[in-house]
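Report on one structure; see the data block that follows.
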Amino acid sequence: TGHACYTDLTDLVISYITDIEGISISGTYGYQTGNVSVEPTSGTITGYNDLEGHLYTLALSYGGATIHYKYNDMEDSGVAKTTLDAGNTEGSALCGLYTIGNFSIGGCDVETSYSETAQSIDNESTTRLIGVGYNLGGGVNLEAAYAMIEEKDNGVVDTDVDLVITKLSFGF
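Residues in the sequence shown are numbered from 193 upward in steps of one, following the numbering used here.
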């Protein structure tokens, strides 16, 4: 299924941040609209649905720990009008980070789905990541991460990948 590029983008974001006895709480709501850049002028050009998206976030922080949740609903944005795809594109992410001194550890779980009306099961993607880092001082950082990515089309696994990533960075 193709996706369209958008013009006339409009973003509305409402944010609230507070601190209660050392616990930082923040939340946002975002609404985005946009028009597809190509509208069909004849029967040979595919038309796409305009952009309409909703985004919700919530974050809690205390000391060196942070937990962040995000939910994104893009409905049928960018889906070709000529297909049977329902769209219903949505996703969520739950992430956490803990930092103590020069050491940090974090993880994230990301779930997305996309509906195709000709299929009985939604297309899904799952990404799980865990990473650690250590600041050696003087702008030198050592980091490592493990990620698992799985994508399913109508319940059948299309992608099943495990990654190990390491990084040594130098800041000036």
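A virtual CB, placed ideally from N, CA and C, is assigned to each residue, including glycine.
Only residues of its own chain outside the window of five on either side were considered, and among them S284, T318 have a CB closer than 6 Å to the CB of E303, listed in chain order. Ranked by how close their Cα comes to the Cα of M340, the residues G288, C300, V324, S253 have C300 in first place.
Burial state of T281 is buried, judged by a 10 Å Cβ sphere holding 16 or more other Cβ atoms. Per DSSP, T309 lies in no beta strand (DSSP E) and is assigned neither H nor E. Taking the C-beta atoms as reference points, Q224 is found no nearer than 9 Å to D200.
Here T274 has T238 as same chain residues with Cβ atoms under 6 Å from its own Cβ, once five neighbours each way along the sequence are excluded. In this structure, S218 and A251 form a Cβ contact; the two beta carbons are roughly 5 Å apart against a cut-off of 8 Å. Note on geometry: alpha-carbon atoms of D345 and E213 lie some 46 Å from one another. With 16 or more other Cβ atoms from the protein chains shown falling within 10 Å of its own Cβ, N315 counts as buried. Looking only at I313, L360, G270, the smallest Cα-Cα distance to G330 is reached by L360. Assignment of F295 by DSSP, reduced to helix, strand and coil, places it in the strand class. A direct Cα-to-Cα measurement between T309 and D268 gives close to 12 Å. Per DSSP, reduced to three states, the secondary structure at D242 is coil, with no helix or strand assignment. Non-local C-beta neighbours of N264 in its own chain, meaning closer than 6 Å and more than five positions away in sequence, comprise L247, G283, ordered along the chain.
Within the model, the alpha-carbon separation for T220 versus L355 is close to 32 Å.
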